[in-house]
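In the numbering used here, the protein residues as written are 1 to 172.
Yeah, the Cβ is synthetic: ideal placement off N, Cα and C, and Gly gets one too.
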């Protein structure tokens with residue numbers, strides 16, 4: 001005969017395990033990313049638990065159509081007003097979506113700039129400083145091995161001349 005402690009704690013432990021599994025499957029993002037394409041549809045669905053559901057056409061054909069959900073009303077309304085135009089959406093992917101939504105949840109977006117981006121408009125000053133600091137730190141760690149430093153410098157000169165010009169800026 002099972003003790004009264006087992007009868008009480010076994011169901012509680014089972015419920016706890018189910019709760020952790022539910023959190024991992026439905027609330028823990030396994031990846032983040034962005035998709036670029038034409039926002040072909042966005043609509044608010046559901047009476048009890050409403051969500052925004054949409055599709056992005058990344059090219060031609062069904063294989064390049066992405067389905068997504070939006071939990072935020074602010075983001076959903078903004079996308080609704082931008083339907084039919086080129087957008088970049090930033091998403092979090094979950095192992096499983098809730099039954100009323102996809103496993104791709106859009107957390108932000110911006111219009112796709114059709115003009116050629118310039119470096120100053122695309123990269124913030126803080127990111128430029130951070131990138132320079134990281135690059136210069138990498139070079140500083142290589143300087144102890146002169147042969148490796150020279151090989152890396154020549155490889156970068158051959159493959160990416162813009163990055164090669166950054167070598168001089170690290171010494172300033």
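Span of the alpha helix (DSSP H) holding residue i?
i, result
"residue 57", "Careful: residue 57 lies outside any alpha helix (DSSP H), inside the beta strand (DSSP E) at 51-57."
"residue 77", "73-80"
"residue 47", "It is not in any alpha helix (DSSP H) - residue 47 carries neither H nor E in the DSSP assignment."
"residue 147", "146-159"
Tell me which same chain residues have a C-beta within less than 7 Å of the C-beta of residue i, skipping the five on either side of it?
i, result
"residue 121", "Reliability fails at residue 121, whose pLDDT of 43 lies under 50, so the model's placement of it is uncertain and no value is given."
"residue 39", "54, 56, 79, 82, 83, 84, 85, 87"
"residue 136", "170"
"residue 152", "142"
"residue 45", "51, 53"
Just confirm the distance between the C-beta atoms of residue i and residue j, as a whole number of angstroms; I'd bet it's less than 8 Å.
i, j, result
"residue 74", "residue 106", "Not confirmed; about 11 Å, so no contact."
"residue 86", "residue 104", "About 18 Å separates the two Cβ atoms, so there is no contact after all."
"residue 48", "residue 89", "That belief does not hold up - the Cβ atoms of residue 48 and residue 89 are roughly 26 Å apart, past 8 Å."
In chain order, what residues of the same chain lie with their CB nearer than 8 Å to the CB of residue i, ignoring the 5 residues before and after it?
i, result
"residue 143", "149"
"residue 59", "37"
"residue 175", "No answer is possible for residue 175: the residues shown for the chain start at 1 and end at 172."
"residue 91", "32, 33, 34, 35, 68, 104, 105, 106, 107"
"residue 116", "For residue 116, the predicted structure reports a pLDDT of 45, less than 50, and the residue's modelled location is therefore unreliable. A value from the coordinates is still provided. No residues qualify anywhere along the chain."
"residue 118", "With a pLDDT of only 42 at residue 118, under the threshold of 50, the placement of this residue in the model should not be trusted, and no figure is reported."
Need the endpoints of the beta strand (DSSP E) that residue i sits in, please.
i, result
"residue 110", "104-111"
Starting from residue i, follow its DSSP beta bridges and name the residues at the other end.
i, result
"residue 39", "56"
"residue 29", "94"
"residue 65", "57"
"residue 86", "38"
"residue 70", "52"
Within a Cβ cutoff of 6 Å, which residues of the same chain sit near residue i, ignoring the five residues on either side of it in sequence?
i, result
"residue 139", "170"
"residue 95", "25, 30"
"residue 65", "55, 57"
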